[in-house]
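Engineer: Numbering (mature numbering (1 follows the signal peptide of the UniProt record, and there is no 0)), first residue to last: -20 to -1, 1 to 288.
1. Assuming contact is defined by CB atoms lying nearer than 8 Å, are residue 44 and residue 123 in contact in what I supplied?
2. Classify residue 59: buried if its beta carbon has 16 or more other beta carbons within 10 angstroms, exposed otherwise.
3. Pull up the distance between the alpha-carbon of residue 46 and that of residue 193, whole angstroms please.
4. Could you tell me the boundaries of the alpha helix (DSSP H) in which residue 5 lies?
5. Which value, in whole angstroms, describes the spacing of the CA atoms of residue 220 and residue 209?
6. Just reading off the alpha helix (DSSP H) that residue 50 is part of, what are its end residues?
7. Look at residue 26 and residue -7 and say whether their C-beta atoms are less than 8 Å apart.
8. How many Å lie between residue -17 and residue 105 at the Cα?
9. How would you label residue 54, buried or exposed, when you count the other beta carbons within 10 angstroms and need 16 or more for buried?
10. Name the residue from 56, 242, 203 and 101 whose alpha carbon lies nearest to the alpha carbon of residue 304.
11. Quick check on residue 206: does DSSP put it in helix, strand or coil?
12. Whole angstroms are fine: how far does the CA of residue 79 sit from the CA of residue 153?
13. Could you please give me the residues that DSSP links to residue 87 through a beta bridge?
14. Within this structure, are the beta carbons of residue 150 and residue 207 separated by less than 8 Å?
15. To which residues of the same chain is residue 132 closer than 8 Å at the C-beta, ignoring the five residues directly before and after it?
16. Going by C-alpha to C-alpha distance, which of 15, 113 and 107 sits closest to residue 91?
17. What span of residues does the alpha helix (DSSP H) with residue 177 cover, start to end?
18. Based on DSSP bridge pairs, tell me the residues matched to residue 132.
19. Can you tell me whether residue 115 is helix, strand or coil according to DSSP?
20. Grab the span of the alpha helix (DSSP H) containing residue 75 for me, first residue to last.
21. Is the distance from the Cβ of residue 214 to the Cβ of residue 143 below 8 Å?
22. Please state if the CB of residue 11 and the CB of residue 71 are separated by a distance shorter than 8 Å.
23. Please report the straight-line C-alpha distance between residue 187 and residue 145, rounded to a whole angstrom.
24. Relative to the C-alpha of residue 196, which candidate in 32, -11, 13 and 8 has its C-alpha closest?
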């Protein structure tokens, strides 16, 4: 259990350092710079470091430390729970930032800045975590340091199947984000952590269930076993496609690109009464622009965010 204690200390230290970095960034930077860049760098670094250390426990723990799957899944759920509670709204995932762009909730420059911040945070997490492994504080880290230079691919299935798996995971993940986005964090964070833990359990043996392009690029793109094009197809194209399908299914359209609902028919909630006209009303002229005003109202109703 000494290796587990070292890993737990690493997790606690990571969360503490990231929280300190958030507080310092808020104090030194403007609100816009913090929200669009610094918060994403810290959130991505926190997620990346924890996932890298968790990967060591998953790959080496069962035969070098005697860790069972129940312990590993419980630890993963707790890590996701703490990350969701401390990330301060950071996406730490390129597909989440692109989802906000498709929903017309973020501008193109802000999205590009967030993507750059997430990539920077993931790479920083990889460099710092490898330096921590070099200290060899546990037998697991000694083994990991020896194996790190010759890491193997996390893609343990065919490329089409891996793309389908990553796309399906991203689809359900983003659909849950859209469904529970207005739910209180005390309910939303545990539900999301439980969903991700379940997908890691079911899809992990095939692709490690990243459904996060920046995280996958940091963890497995430099490993042998697959080409860069195969990695990009599975870990970039798959999650991106799943995210687009989730937005399309939830809203019936892509708000950034289409105003008209593409999937669901629009029905008017208000019906015109079918009563007989009074004798004095038959010759009453219609106000100028009456039909135009009615059609404009209908079009405006179609464009409301909740109408899709």
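Here a beta-carbon is modelled for each residue, glycine too, at the ideal position from N, C-alpha and C.
Structural biologist: Based on what the coordinates show:
1. Taking the chain shown and counting its residues from 1, the one referred to as residue 44 is at position 64. Taking the chain shown and counting its residues from 1, the one referred to as residue 123 is at position 143. Cβ distance < 8 Å, so residue 44 and residue 123 count as in contact.
2. For the purposes of this step, residue 59 is taken as the residue at position 79 of the chain shown. Under this definition residue 59 is a buried residue.
3. Counted from its first residue, the chain shown places residue 46 at position 66. Counted from its first residue, the chain shown places residue 193 at position 213. Their Cα atoms are separated by approximately 31 Å.
4. As a first step, residue 5 is located in the chain shown; it is residue number 25 there, counting from the start. It spans -19 to 8 - the alpha helix (DSSP H) in which residue 5 sits, taken as one unbroken run.
5. For the purposes of this step, residue 220 is identified with residue 240 of the chain shown, where counting begins at 1. For the purposes of this step, residue 209 is identified with residue 229 of the chain shown, where counting begins at 1. If I take the Cα positions, the gap works out to 15 Å.
6. In the chain shown, counting from the first residue as 1, residue 50 sits at position 70. First-last of the alpha helix (DSSP H) with residue 50: 49 to 66.
7. Here residue 26 refers to the residue found at position 46 of the chain shown. Here residue -7 refers to the residue found at position 14 of the chain shown. Cβ atoms of residue 26 and residue -7: closer than 8 Å.
8. By one-based count along the chain shown, residue -17 stands at place 4. By one-based count along the chain shown, residue 105 stands at place 125. Cα to Cα, residue -17 sits roughly 20 Å from residue 105.
9. As a working note, residue 54 is residue 74 in the chain shown. Exposed, since its Cβ has fewer than 16 Cβ neighbours within 10 Å.
10. The question about residue 304 has no answer here: the residues shown for the chain are numbered -20 through 288.
11. Position 226 of the chain shown holds residue 206. Three-state result, residue 206: coil.
12. Within the chain shown, the letter at position 173 stands for residue 153. Within the chain shown, the letter at position 99 stands for residue 79. Residue 153 and residue 79: Cα-Cα distance of roughly 12 Å.
13. Within the chain shown, numbered from 1, the residue matching residue 87 stands at position 107. Per DSSP, none; premise fails for residue 87.
14. The count along the chain shown starts at 1 and reaches residue 150 at position 170. The count along the chain shown starts at 1 and reaches residue 207 at position 227. Cβ atoms of residue 150 and residue 207: not closer than 8 Å.
15. Stepping through the chain shown from its first residue, residue 132 is reached at position 152. Counting only residues of its own chain and dropping the five nearest sequence neighbours on each side, residue 132 has a CB closer than 8 Å to the CB of 203, 204 and 205.
16. Reading the chain shown from its first residue, position 111 is the one you call residue 91. Looking at the Cα atoms, 15 is the closest of the given residues.
17. What you label residue 177 is simply residue 197 of the chain shown in a count that begins at 1. Per DSSP, residue 177 belongs to the alpha helix (DSSP H) from 165 to 187.
18. For the purposes of this step, residue 132 is taken as residue 152 along the chain shown, with counting starting at 1. Note: residue 132 sits in a beta bridge opposite 204.
19. Indexing the chain shown from 1 puts residue 115 at position 135. Coil.
20. Reading the chain shown from its first residue, position 95 is the one you call residue 75. For residue 75, the enclosing alpha helix (DSSP H) starts and ends at 74 to 82.
21. Stepping through the chain shown from its first residue, residue 214 is reached at position 234. Stepping through the chain shown from its first residue, residue 143 is reached at position 163. In contact: residue 214 and residue 143 (Cβ atoms closer than 8 Å).
22. Counting from 1 along the chain shown, the entry for residue 71 is found at position 91. Counting from 1 along the chain shown, the entry for residue 11 is found at position 31. Their beta carbons are not under 8 Å apart, which means residue 71 does not touch residue 11 by this criterion.
23. Working through the chain shown from its first residue, we reach residue 187 at position 207. Working through the chain shown from its first residue, we reach residue 145 at position 165. Approximately 7 Å between the Cα atoms of the pair.
24. Residue mapping note: residue 196 aligns to position 216 of the chain shown, counting from 1. Residue 196 has its Cα closest to that of 32, out of 32, -11, 13 and 8.
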